[in-house]
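Single-structure report; data block below.
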Amino acid sequence: MPASMTISEEIKTVRKELILEHAERLFYERGYRGTSMEAVAEALSVTKPVLYAVYDRKLDILIDISLRVLNRSLDALQQARQAGGTRTDQLSLFAHRFTDAVIRHQAGSAVFFREEAFIPLEATREINQLKGRFDAELAALIEAGVATGEFRVDDVRTASLAIGGMISWIYIWYRQDGRLSPEAIGDRMATFTLRLVGAPAGSA
Numbered sequence: 003m004p005a006s007m008t009i010s011e012e013i014k015t016v017r018k019e020l021i022l023e024h025a026e027r028l029f030y031e032r033g034y035r036g037t038s039m040e041a042v043a044e045a046l047s048v049t050k051p052v053l054y055a056v057y058d059r060k061l062d063i064l065i066d067i068s069l070r071v072l073n074r075s076l077d078a079l080q081q082a083r084q085a086g087g088t089r090t091d092q093l094s095l096f097a098h099r100f101t102d103a104v105i106r107h108q109a110g111s112a113v114f115f116r117e118e119a120f121i122p123l124e125a126t127r128e129i130n131q132l133k134g135r136f137d138a139e140l141a142a143l144i145e146a147g148v149a150t151g152e153f154r155v156d157d158v159r160t161a162s163l164a165i166g167g168m169i170s171w172i173y174i175w176y177r178q179d180g181r182l183s184p185e186a187i188g189d190r191m192a193t194f195t196l197r198l199v200g201a202p203a204g205s206a
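All residue numbers for the sequence shown refer to my numbering, where the first residue is 3 and numbers rise by one.
See below:
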C-alpha cells in the first residue's frame, strides 16, 4: 500500500480486497445475477451496512473484479517487457506469466468473461481502455520482434489477438486435477505463442 495512505484508507483497501475475493468466488459459483449483496455479506461474516460502507451496489463489485483481471494481464505483459533479454525472451516470459495469472485467478477470469454483459455502457470506458492498452502493448512487442528479425508475422494485430485469446481462455478448460500442471501449461503456451509469431523452433 502507498506510504501516504491513512489508517482508515488502508482499512478500506483491505476490506475491498476481502470483498472482491469472496464476491469473485460467489459470482463464479452462483453467477452474478444469482448472488445477492446479502450473500456476499454472509460470506464475509459481516452485516450489510459494513459491505455498503465500501460498495454502494453489486455492479461496482463486478466492475472492480473486471478491472483486476485486466490489470493482472497488463502487469504480466509490462513486467515481461521490462525484464530485458531478446524479444523472444520477453514474449516467452509474458506467455508464462499471463498463463499463471489466468490459472491462479481462474474464478476472476471466468466472471470477467461470463458476466461482462451486465456492465452498462457508461461503465465500460476504463475497461475498454485497459483492453486497448493490453492489445496495443502486445502488438508492439511482436512488432519489435519483427523489426529485430526474431519474428516473422504478416499480420501483427491478428497474431496479438490470437495469443491473448488463446491464453485468456485457459480458464474454461483448466482443472486442478487435470493432466497438466500449471507450469507445464505455461511451457506449452509459450511454445504455441512463439510458433504463432514465427520464432525459430527451440528459441525459448
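Glycine residues also receive a C-beta, built at the ideal position from the N, C-alpha and C atoms.
| Item | Value |
| --- | --- |
| Where His98 sits in the DSSP three-state scheme | helix |
| Assigned secondary structure, Gly153 (DSSP; H/G/I helix, E/B strand, else coil) | Note that residue 153 is Phe in the sequence shown, not Gly. Phe153: coil per DSSP, three-state reduction. |
| Euclidean distance between Cα positions of Ala82 and Ala41 | 38 Å |
| Contact under 8 Å by Cβ, Ala97 with Thr160 | no |
| Environment of Arg197 [buried if 16+ CB atoms lie within 10 Å] | exposed |
| Cα-Cα separation between Lys60 and Glu117, rounded to whole angstroms | 12 Å |
| Through-space distance from Ile129 to Asp58, alpha-carbon basis | 19 Å |
| Within 8 Å, strictly: CB atoms of Thr90 and Glu152 | yes |
| Beta-carbon spacing of Ser75, Tyr173 below 8 Å | no |
| Counted within 10 angstroms of its Cβ, other Cβ atoms place Ser38 as buried (16 or more) or exposed | exposed |
| Own chain, CB closer than 8 Å to Ala146, minus 5 neighbours either side, in chain order | Arg89 |
| Beta-carbon proximity of Ile187 to Ser162, cut-off 8 Å | no |
| Span of the alpha helix (DSSP H), counted from its first residue to its last, around Asp189 | 184-198 |
| Beta-carbon proximity check, Phe100 vs Leu79, cutoff 8 Å | yes |
| Gln84: first and last residue of the uninterrupted alpha helix (DSSP H) it sits in | Here Gln84 belongs to no alpha helix (DSSP H), and DSSP marks it neither H nor E. |
| Other residues of its chain near Ile63: CB distance less than 6 Å, five sequence neighbours each side excluded | Ala25, Tyr57 |
| Ile2 versus Gly86: straight-line alpha-carbon distance, rounded | Look at the range of the chain in this structure, 3 to 206, and you will see that residue 2 is not part of it. |
| Simplified DSSP assignment, three categories, for Asp105 | The question names Asp, yet the displayed sequence has Ile at residue 105. If DSSP states are grouped into helix, strand and coil, Ile105 belongs with the helices. |
| Inter-residue Cα distance where the pair is Ile105 and Arg32 | 20 Å |
| Cβ neighbours of Ala45 in the same chain (closer than 7 Å, five flanking residues each side left out) | His24, Leu28 |
| Cβ-heavy atom distance, Thr49 to the ligand HEM, below 7 Å | The model depicted lacks the ligand HEM and carries no ligand whatsoever. |
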